[in-house]
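Heads up, the thing below is written out as structure tokens.
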Amino acid sequence: MQVILRKGDSKIIKIKCIFVVFALVLLAVGNIEAYPQEQIENTMVALSLGDYFSASDIFKQIYGSGGSIYSLDISRIILRRENHNVALSLGIGFFSRTGVSTFFEEETKFYLVPSSISGKYLFNTKYVIPFVELGLGFYSYREESNIHDTSGSTFAWRMGCGTYIKIPKLKFLKLIVYLKKARAIAVEDKIEIDVGGLELGIGFVIGFNLFNQIVF
Amino acid sequence: MRKTLKIILLVLSFSIIPSFFLIGNETKTVIKGYSAYPVINKNEELIFIYRNNDRGLSLATKKMGDNEYNNQEILIDQNASSPVIKKDRKGRIWVLWEQGGIERNEIYLSRLEKNKILTYEKISRGTLPNFSPDIDFDLQNNPWVTWVQYSDRKFYVLVKSLKSEETWLLNVPFFSGAHSPKITIDGNNIIWVFWVGRNRRRDEIYYTFYDGFQWVSPHKLNKDNKFPHILPDTGCGFSGLPWIVWSAFDGNDYEIFYSFWNGSKWSEEERITDNSATDSYPAISFLFGDVPIIVWSRSYKDRNGIYCRYRNDVKWSREIEISRSKNKLISCPKIAILNNIMGITWQLDDAVQSEFLYFNQLVGESPHTTEIDETKIIPHPSLNKNEYIGFGDSITYGYLDYQEAPEEGYIPRLEAVLNENYGNSTVINEGWPGEITINGLGRIDDVLSNHSAQYLLLMEGTNDVVFNHISMDTTAFNLEQIVLACKDSGVFPLLSTIIPRNDYRWYYDFYKDRIFYLNEKIRELAVDLAVPLVDLFDVFYNYPEDDGGWTSLLCMDNVHPSEKGYEIMAETWFEEIKSLPFPPINIHVERISDRILFYIRKGNYITWLDNPKLFDKTNFSSYRIYRSMAAGNESEFNFVASMPIKAWNFGFSGINDYGLKYFDVGINLSCNYKYLISLVRDDGIEGPCSEIASDFTQRR
């Protein structure tokens with residue numbers, strides 16, 4: 001099968017590199033300042049907008065390399081030791097894309113609603129809170145066209161990293177930058193597609209304390 | 001408290017768990033149930049819904065060639081009945097049914113997802129009995145549902161748009177009876193509803209339609225009102241015009257009648273059965289999108305059966321027997337079609353029966369089909385597309401002022417015009433002076449085999465007029481046989497009326513009437529045989545007086561044309577030739593696959609170009625595509641599809657909507673195929689077929 005490399009593909013690689021460098025710098029800054037910090041809120045709700053890059057070559061051929069994904073993520077710190085925090089995180093997103101069939105270019109639409117539960121480790125520093133996460137996802141998808149309609153769901157592995165960025169004088173508000181990778185194999189009529197992919201996003205976070213007694 | 005919670009959980013688990021585990025699949029060879037309604041899904045599986053013996057609904061599926069059904073209950077113990085299953089314009093499957101009891105029946109609608117009912121919506125409202133639902137989808141793919149509501153001994157035909165949520169009452173003021181409402185939405189997005197209603201003492205077929213603003217008041221469709229008219233079914237083909245079939249008593253027994261909307265009015269009702277048996281429960285669908293096919297059940301003494309007829313152009317096929325049963329009640333056939341695949345279900349005593357087959361199998365297997373099969377075409381690639389035969393008597397041969405003058409006749413004049421417009425063309429003179437049609441019929445086979453011309457221009461009968469012992473009906477019959485001989489040989493005939501004469505016979509009513517009568521028969525023949533008509537009589541007879549009138553077109557013998565007359569003949573023949581449906585050229589076939597993320601469709605992609613000989617491309621309606629397996633009987637091509645030239649619905653964007661292309665997905669991917677394409681005029685006349693193209697070489 002011929003895979004057409006699109007303009008966006010090289011852009012993704014560039015963005016990835018910039019992101020990794022940026023994360024390393026933030027981590028480095030965090031480590032320098034690594035003495036007990038003021039505790040972060042035990043609950044954080046993040047709303048973010050990201051780019052979703054499918055892992056599937058055929059997806060890229062039909063729908064292009066990526067598109068916008070809207071996400072909502074709720075993280076709850078369940079374990080805290082000085083600057084080290086462990087949180088449980090629930091997330092849901094929405095992604096849609098319009099494409100064309102490979103030969104006749106008939107219009108087709110793809111919808112993806114990825115939801116996830118994951119464990120998250122956060123390291124609290126003076127300016128940033130870098131984190132890594134690992135979790136399970138449940139991906140619902142739907143493809144609509146005059147040719148055929150398909151809908152279904154599949155389970156996924158997800159891992160990610162990123163950082164919360166503190167905003168001086170606005171303790172309850174933070175920014176978040178993240179990179180997530182998912183593998184979600186969907187099988188329909190013997191056709192196997194990885195509807196997972198790379199998600200790179202930015203958003204804002206509202207933090208607050210709720211039921212402090214649950215934090216161990 | 002804890003105990004109460006436990007009890008609630010226990011009750012919940014008993015009520016919910018069975019609904020997850022009982023709705024399972026099983027394989028069956030015999031389906032016990034009632035009211036089956038079929039549909040064919042995109043994977044070319046026959047699916048039919050039916051009422052099972054457990055007061056629920058079940059779904060049976062099977063693939064072509066399978067003897068067993070994959071059976072599953074989709075609605076358990078809900079007192080459900082009258083299920084209807086239909087596809088919307090995107091191919092998604094919907095299910096509609098009645099549910100409840102005698103006092104209060106409700107109508108429900110649901111999408112079928114992976115052969116399961118997930119959520120469903122109540123269509124009817126209130127506490128009254130509702131029954132006999134039917135559904136169709138408008139061009140925007142919004143569902144419309146019709147049903148009957150019964151209240152205070154009155155029957156109300158209701159229709160509801162699920163988009164606007166509006167409900168209308170249709171059968172005002174005929175409330176004394178209403179049954180079997182059927183809905184169909186035509187190519188202009190007009191919503192038609194038909195039902196069996198009663199004004200006086202008999203059931204009759206009523207209809208109304210919604211033109212986008214309002215429902216018109218109910219009209220009666222059948223002409224007769226002495227006998228009952230019952231059991232309607234309706235549908236629309238690619239042409240976008242609605243058809244209706246029903247069963248009516250004709251004074252002796254029930255017969256099947258049909259009518260169709262021709263764009264401005266309903267056609268005269270016509271019957272497709274005429275016998276001493278009871279023919280009832282008709283159902284209609286459309287083969288290849290535009291060939292109506294009607295199935296119905298027949299009972300006669302102890303013999304019962306399911307029969308069908310299909311109609312190509314204006315001719316109905318002979319009856320085809322689909323199933324026969326002795327001493328068992330057989331009834332309620334329903335039909336679903338996907339391209340050339342047919343799924344038919346019917347009731348046999350307490351079981352549901354089905355037939356799932358290709359249309360060709362149906363025609364091929366039936367000993368009852370003796371009609372010429374117009375879904376097949378035999379190519380004659382050796383015919384010369386630039387060669388024409390002029391066939392007839394002395395007027396064709398060329399006769400001027402009592403002398404043979406072939407060089408002055410219309411043949412050389414027409415050849416010159418053709419050469420000028422189409423390049424190198426030949427018109428062969430096969431006129432025989434003094435010949436009558438019996439002689440013409442006797443030599444036509446020789447003429448056809450001696451030449452390789454693609455077209456034959458037939459004008460004969462002038463001599464028959466003066467032979468009193470030959471009726472003009474026989475002359476017309478002979479002409480018909482000549483035309484049929486041409487068609488059998490792959491030669492495309494053009495038929496002409498005979499020209500007026502100004503000898504003494506013209507002034508005898510007997511001969512004059514024979515001329516007019518024969519010409520009328522020739523005009524009818526052209527329509528019946530779907531061949532182009534060249535009305536030379538009209539052209540001559542209406543020749544302007546200022547230019548000398550029609551008599552000036554005849555030579556001194558007042559029977560044969562003058563030089564001017566021959567010139568007019570040549571021009572008139574050419575005018576018709578200009579509008580012939582010349583076959584497409586440059587046919588290209590490519591094996592390709594087109595995919596979206598979760599679906600791959602593979603097939604042969606056929607493209608072609610219009611023949612440069614076409615003068616005015618607005619007079620043509622469609623292309624007809626024929627296919628033959630490369631390894632099969634190479635002389636016979638089967639009809640595959642009709643591709644409209646113009647888009648009648650701008651909302652569609654599918655590859656097979658219209659144009660100079662067709663994507664043939666109904667093939668066995670491991671085989672090679674050959675294709676032929678012909679062009680069809682607005683008046684239904686199909687031209688000769690193109691060169692053969694195959695998918696041998698190109699694959700992608």
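Heads up: the sequence lines are chains A and B, in that order.
First residue of the first sequence? That's 1 in the working numbering, and the numbers climb one at a time after it.
First residue of the second sequence? That's 1 in the working numbering, and the numbers climb one at a time after it.
Backbone N, C-alpha and C fix where the C-beta goes; we use that ideal spot for every residue, glycine too.
Does chain A have any CB closer than 9 Å to the CB of residue i?
i: asparagine 421 of chain B; result: no
i: aspartate 695 of chain B; result: no
i: phenylalanine 598 of chain B; result: yes
i: tyrosine 605 of chain B; result: yes
i: serine 110 of chain B; result: no
i: serine 593 of chain B; result: yes
i: glutamate 45 of chain B; result: no
i: glycine 684 of chain B; result: no
i: glutamate 576 of chain B; result: no
i: phenylalanine 238 of chain B; result: no
i: phenylalanine 137 of chain B; result: no
i: glutamate 113 of chain B; result: yes
i: phenylalanine 227 of chain B; result: no
i: phenylalanine 260 of chain B; result: no
i: glutamate 121 of chain B; result: no
i: arginine 681 of chain B; result: no
i: phenylalanine 663 of chain B; result: yes
Could one say the Cβ of residue i lies closer than 9 Å to chain B's Cβ atoms, at least one of them?
i: asparagine 220 of chain A; result: Since the first and last residues shown for chain A are 1 and 216, residue 220 of chain A lies out of range.
i: glycine 189 of chain A; result: In the sequence under discussion, the amino acid at residue 189 of chain A is aspartate, which differs from the glycine named in the question. Answer yes: the Cβ-Cβ gap between aspartate 189 of chain A and chain B drops below 9 Å somewhere.
i: alanine 186 of chain A; result: yes
i: glycine 8 of chain A; result: With a pLDDT of 49 at glycine 8 of chain A, under the threshold of 50, the modelled position of this residue cannot be trusted, and the question is left open.
i: serine 140 of chain A; result: no
i: serine 48 of chain A; result: no
i: serine 56 of chain A; result: yes
i: leucine 200 of chain A; result: no
Please list, in chain order, the chain A residues whose beta carbon lies closer than 7 Å to that of residue i.
i: lysine 90 of chain B; result: Asn146 and Asp149
i: arginine 601 of chain B; result: Ile147
Taking Cβ-Cβ distances shorter than 8 Å, what residues in chain A pair up with residue i?
i: lysine 42 of chain B; result: His148
Given that residue i touches chain B, what residues does it touch there, using C-beta distances under 8 Å?
i: phenylalanine 59 of chain A; result: Leu597
i: isoleucine 193 of chain A; result: Leu597 and Phe598
Let's see if you can read the secondary structure: which residues bound the beta strand (DSSP E) around residue i?
i: glutamate 636 of chain B; result: Counting along the chain, glutamate 636 of chain B falls outside any beta strand (DSSP E), and DSSP gives it neither H nor E.
i: threonine 607 of chain B; result: 599 to 609
i: lysine 116 of chain B; result: 116 to 122
i: serine 35 of chain B; result: 34 to 40
i: leucine 705 of chain B; result: Here chain B comprises residues numbered 1 to 700, so residue 705 of chain B is not present and cannot be evaluated.
i: phenylalanine 155 of chain A; result: 150 to 166
i: asparagine 586 of chain B; result: 585 to 596
Quick one: which chain B residues come within Cβ less than 7 Å of residue i?
i: isoleucine 165 of chain A; result: What isoleucine 165 of chain A touches in chain B: nothing, since even the nearest Cβ is about 36 Å away.
i: glutamate 38 of chain A; result: By Cβ distance, chain B contributes nothing, its closest Cβ being about 44 Å from glutamate 38 of chain A, past 7 Å.
Between which two residues does the alpha helix (DSSP H) harbouring residue i extend?
i: cysteine 486 of chain B; result: 472 to 488
i: threonine 572 of chain B; result: 563 to 578
i: proline 412 of chain B; result: 410 to 422
i: isoleucine 58 of chain A; result: 57 to 63
i: glycine 440 of chain B; result: 437 to 450
i: serine 394 of chain B; result: 394 to 397
i: phenylalanine 104 of chain A; result: From DSSP, phenylalanine 104 of chain A is part of no alpha helix (DSSP H); its letter is neither H nor E.
i: leucine 536 of chain B; result: 536 to 541
Output, in chain order, the set of chain B residues within a Cβ distance shorter than 9 Å of residue i.
i: glutamate 143 of chain A; result: Ile596, Leu597, Phe598 and Tyr599
Name, going along the chain, the residues of the region 88 to 116 of chain A whose beta-carbon falls closer than 8 Å to a beta-carbon of chain D. The displayed structure is made up of protein chains A and B, and chain D is not among them.
Per the contact definition of three or more C-beta pairs closer than 8 Å, is the region 336 to 350 of chain B in contact with the region 35 to 49 of chain B? yes
The region 60 to 74 of chain A: which residues have C-beta closer than 8 Å to a C-beta of chain B, in chain order? Ile62 and Tyr63
Along the region 519 to 549 of chain B, what residues have a CB closer than 8 Å to any CB found in chain A? none
Between the region 153 to 162 of chain A and the region 562 to 582 of chain B, can you find at least three pairs of beta-carbon atoms closer than 8 Å? no
When the Cβ atoms of the region 566 to 578 of chain B are set against those of the region 597 to 609 of chain B, are three or more pairs found closer than 8 Å? no
Is the region 395 to 411 of chain B in contact with the region 466 to 485 of chain B, if contact means three or more CB pairs nearer than 8 Å? no
Does the region 212 to 229 of chain B come close enough to the region 270 to 289 of chain B that 3 or more CB-CB pairs lie under 8 Å? no
Count Cβ pairs between the region 170 to 179 of chain A and the region 148 to 156 of chain A that sit closer than 8 Å; are there 3 or more? no
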